[in-house]
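Colleague: Residue numbers (this note's numbering): 210 to 433.
Structure in structure tokens, see below.
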Amino acid sequence: MKEPFILSPSLLSADFGRLAEELDALEDAGLTWVHLDVMDGLFVPNITFGPPIIKRLRQKSRLFFDTHLMIERPERYLAEFRDAGADLICVHAEATAHLERACAEIARLGARPAVALNPATPLSAVEYLLPQLDMVLVMSVNPGFGGQSFIPFCMDKIRDLRAMIRKRGLVTHIQVDGGVTPDNTPALLAAGADILVSGSAFFGHPPYGERLRTFYAAARAEST
Ligand code: DX5
Ligand code: ZN
210 MKEPFILSPS LLSADFGRLA EELDALEDAG LTWVHLDVMD GLFVPNITFG PPIIKRLRQK
270 SRLFFDTHLM IERPERYLAE FRDAGADLIC VHAEATAHLE RACAEIARLG ARPAVALNPA
330 TPLSAVEYLL PQLDMVLVMS VNPGFGGQSF IPFCMDKIRD LRAMIRKRGL VTHIQVDGGV
390 TPDNTPALLA AGADILVSGS AFFGHPPYGE RLRTFYAAAR AEST
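Shown next as structure tokens:
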């Protein structure tokens, strides 16, 4: 049976002392993506990990590395993240004055370019960039921490973004990150999201294979 959407588990909620084993467990459970939250203590108040750790994990995992850069002026580090093994690189619209240049550079490096928008950032920030993006990440919490609650107005934002993408005849992916659970999964998919990030609502409920099936079942129950 075809998967109803891509679930990208956020490693932020995994056991940081056993990252390689956590990646193995995800692969064994049938996941294909993992979401890597990179934080610099400046763009967001928290600090996580950077290219050296991603590089070591790359040597141990075949998962698709969905790399969410919550760092100021990400253009300084794009080549390093690509060299480390990032498959997709997502930069925040609020973090750079030269968003188009950053996205063009990600594509030139051979990774999939994506842009993240904080909850209050309007969709117009990415409108003209859509044709050159693989994905737009709609943040549904203020970035920096796992375990926060979904901000309700983000549902309208996803719907508006899907309409904007469709109107232009594009197939850009929409990823949602923050407060995603099996409960709100059907509404997120109906609004137009097709890649969901989940941290606490995923890693807090092992075994991972069963949790993945709970998310899929929630999506299928609603669509039948
Ligand atoms: C938040 C991060 C998210 C976070 C999501 O700043 O970008 O990826 O891990 O965690 P949950 O799913 O717990 O809201
Ligand atoms: Zn994230």
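For each residue, glycine too, the CB sits at the ideal point set by N, CA and C.
Please classify Ser219 as buried or exposed, where buried requires at least 16 neighbouring CB atoms within 10 angstroms.
Modeller: It counts as buried.
Colleague: Below 6 Å CB to CB, which residues in the same chain sit around Arg207 once its five sequence neighbours on both sides are set aside?
Modeller: Nothing can be reported for residue 207: it is not among the residues displayed for the chain, which extend from 210 to 433.
Colleague: Does the region 355-374 come close enough to the region 403-417 to have 3 or more Cβ pairs within less than 8 Å?
Modeller: They touch, by the three-pair rule.
Colleague: May I ask you to report which of helix, strand or coil DSSP gives Ile360?
Modeller: Ile360 falls in the coil class under three-state DSSP.
Colleague: Assuming the contact rule is C-beta atoms closer than 8 Å, Pro260 and Phe290 should be a hit. Round their C-beta distance to whole Å, please.
Modeller: Confirmed, Cβ separation roughly 6 Å.
Colleague: Let me check you understand the geometry: is the CB of Val406 closer than 7 Å to at least one non-hydrogen atom of ligand 2?
Modeller: Yes, the Cβ of Val406 comes within 7 Å of a heavy atom of ligand 2.
Colleague: Please classify Leu346: is it buried, with 16 or more other beta-carbons within 10 angstroms of its beta-carbon, or exposed?
Modeller: It counts as buried.
Colleague: Quick one: Cα of Ser222 to Cα of Met279, how far?
Modeller: Roughly 16 Å between the two C-alpha positions.
Colleague: One question on the structure: do Phe214 and Leu421 come within less than 8 Å of each other, judged by their Cβ atoms?
Modeller: Contact: no.
Colleague: Just to confirm, does Ser409 get its C-beta within under 7 Å of one of the non-hydrogen atoms of ligand 3?
Modeller: Ligand 3 is not part of the structure shown, which contains ligand 1 and ligand 2 as its ligands.
Colleague: Look up Ser333 in the DSSP assignment and give the residues it is bridged to.
Modeller: Partner(s): none; Ser333 has no beta bridge.
Colleague: Pull the bridge partners of Asp493 from the DSSP assignment, please.
Modeller: Since the first and last residues shown for the chain are 210 and 433, residue 493 lies out of range.
Colleague: Distance, Cα to Cα, Ile425 vs Ala234?
Modeller: In the sequence as presented, Ile is not what sits at residue 425; that position holds Tyr. When rounded, the distance between both Cα atoms is 18 Å.
Colleague: Work out the CA separation of Ile374 and Trp157 for me, nearest whole Å.
Modeller: Because the chain in this structure spans residues 210 to 433, residue 157 falls outside the shown range and cannot be described.
Colleague: If Ala323 sits next to Leu342, beta carbons under 8 Å apart, how far is it from one beta carbon to the other, in whole angstroms?
Modeller: About 6 Å separates the two Cβ atoms, so the contact holds.
Colleague: What number of angstroms, rounded off, separates the C-alpha of Thr257 from the C-alpha of Thr390?
Modeller: Their backbone Cα atoms lie some 23 Å apart in a straight line.
Colleague: May I ask you to list the residues that DSSP assigns as paired with Asp233?
Modeller: DSSP, once it has assigned bridges, lists no residue as partnering Asp233.
Colleague: Mind checking which residues open and close the beta strand (DSSP E) that includes Ser409?
Modeller: Not the beta strand (DSSP E): Ser409 falls in the alpha helix (DSSP H), residues Ser409 to Phe412.
Colleague: By the 10 Å Cβ neighbour count, where 16 or more other Cβ atoms means buried, how is Tyr417 classified, buried or exposed?
Modeller: By the 10 Å Cβ count, Tyr417 comes out buried.
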